[in-house]
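Residue numbers (our numbering): 44 to 242. Beta carbons are placed, not taken as given, at the ideal position from N, Cα and C, and that holds for glycine. Remember, it's a predicted structure, so these values are computed and weren't measured experimentally.
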């Protein structure tokens with residue numbers, strides 16, 4: 044079974060993916076793949092530099108991830124160019140990883156842009172992790188050391204939480220504690236792997 048895991052920024056997708064993994068699933072982290080593909084010497088990084096210039100690099104030649112994030116969240120056209128460069132490579136790597144592991148275990152694809160890039164089409168079930176807007180802003184401010192306006196801008200640059208919830212088969216509410224989230228993931232995974240037909 045392939046489970047697509049998505050949700051708003053700072054909603055708790057990665058934490059949920061770790062809990063799924065602790066229950067025996069193989070988690071594929073789209074953000075981690077993007078990180079690997081933009082390491083020094085990788086073709087994706089060369090393409091980004093060709094498109095945006097050497098100003099997106101640190102003095103040692105590594106990608107300045109903060110600079111790239113600032114571009115993504117402030118310039119819609121630039122964001123689309125960056126996505127065009129990266130998404131094909133990311134999807135290719137995800138499909139490769141699925142092929143290598145699908146016969147061994149259940150797979151969870153942790154991808155913030157699951158619907159936007161069409162990865163939902165390879166999934167048997169979709170799970171959206173949800174929090175209230177206020178909690179989302181608060182967590183993003185703390186996690187990424189942003190001010191409130193910056194956090195709101197980043198949230199508004201992605202598909203809304205409501206849209207993702209609407210498109211998902213299951214929703215996990217992550218407004219509570221880590222233990223609450225862990226229990227919800229455990230209960231859902233038990234249901235998904237029980238063999239009971241879920242329409």
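Buried or exposed by the 16-neighbour rule on C-beta atoms within 10 Å, applied to residue 62: In the chain shown, counting from the first residue as 1, residue 62 sits at position 19. The residue in question, residue 62, is buried, as its Cβ has 16 or more Cβ neighbours within 10 Å.
Contained beta strand (DSSP E) runs [length at least 3] in the segment 68–131, N- to C-terminal order: 69–72
Cβ contact (3+ pairs, closer than 8 Å) linking the segment 196–208 and the segment 112–119: yes
Proximity to residue 226 [Cα-Cα], best of 65, 51, 50, 46: For the purposes of this step, residue 226 is taken as the residue at position 183 of the chain shown. Minimum Cα distance to residue 226 is reached at 65.
Limits of the unbroken beta strand (DSSP E) element including residue 171: For the purposes of this step, residue 171 is taken as residue 128 along the chain shown, with counting starting at 1. Counting along the chain, the beta strand (DSSP E) containing residue 171 begins and ends at 168–173.
Pair within 9 Å by beta-carbon distance, residue 218 and residue 170: As a working note, residue 218 is residue 175 in the chain shown. As a working note, residue 170 is residue 127 in the chain shown. The answer is no: Cβ separation not under 9 Å.
Pairwise C-alpha distance: residue 76 and residue 105: Counted from its first residue, the chain shown places residue 105 at position 62. Counted from its first residue, the chain shown places residue 76 at position 33. So the alpha carbons of these two residues sit roughly 16 Å apart.
Assigned exposure category for residue 151 - 16 Cβ within 10 Å defines buried: Position 108 of the chain shown, counted from the start, is the residue given in the question as residue 151. So residue 151 ends up on the buried side.
Assigned exposure category for residue 59 - 16 Cβ within 10 Å defines buried: Start at 1 with the first residue of the chain shown, and residue 59 comes out as number 16. Under this definition residue 59 is a buried residue.
Coarse secondary structure for residue 198, derived from DSSP in three states: On the chain shown, position 155 is the one that residue 198 refers to. Three-state DSSP puts residue 198 in a helix.
Contact under 9 Å by Cβ, residue 160 with residue 48: The residue you call residue 160 lines up with position 117 of the chain shown. The residue you call residue 48 lines up with position 5 of the chain shown. No, Cβ-Cβ distance for residue 160 and residue 48 is not below 9 Å.
Straight-line gap, residue 209 to residue 79 (C-alpha atoms, nearest Å): Taking the first residue of the chain shown as 1, we reach residue 209 at position 166. Taking the first residue of the chain shown as 1, we reach residue 79 at position 36. So the two alpha carbons sit approximately 31 Å from each other.
Residue range of the unbroken beta strand (DSSP E) whose run includes residue 213: Numbered from its first residue, the chain shown carries residue 213 at position 170. It spans 213–216 - the beta strand (DSSP E) in which residue 213 sits, taken as one unbroken run.
Distance, residue 123 Cα to residue 110 Cα: Locating residue 110 in the chain shown gives position 67, where the first residue counts as 1. Locating residue 123 in the chain shown gives position 80, where the first residue counts as 1. Computed Cα separation, rounded: 16 Å.
CB-CB length for residue 44 against residue 163, believed under 8 Å: As a working note, residue 44 is residue 1 in the chain shown. As a working note, residue 163 is residue 120 in the chain shown. The pair is not a contact, with the Cβ atoms about 14 Å apart (cut-off 8 Å).
Residue interval of the beta strand (DSSP E) (run including residue 48): Walking along the chain shown from the start, residue 48 turns up at place 5. That run of the beta strand (DSSP E) goes 45–50.
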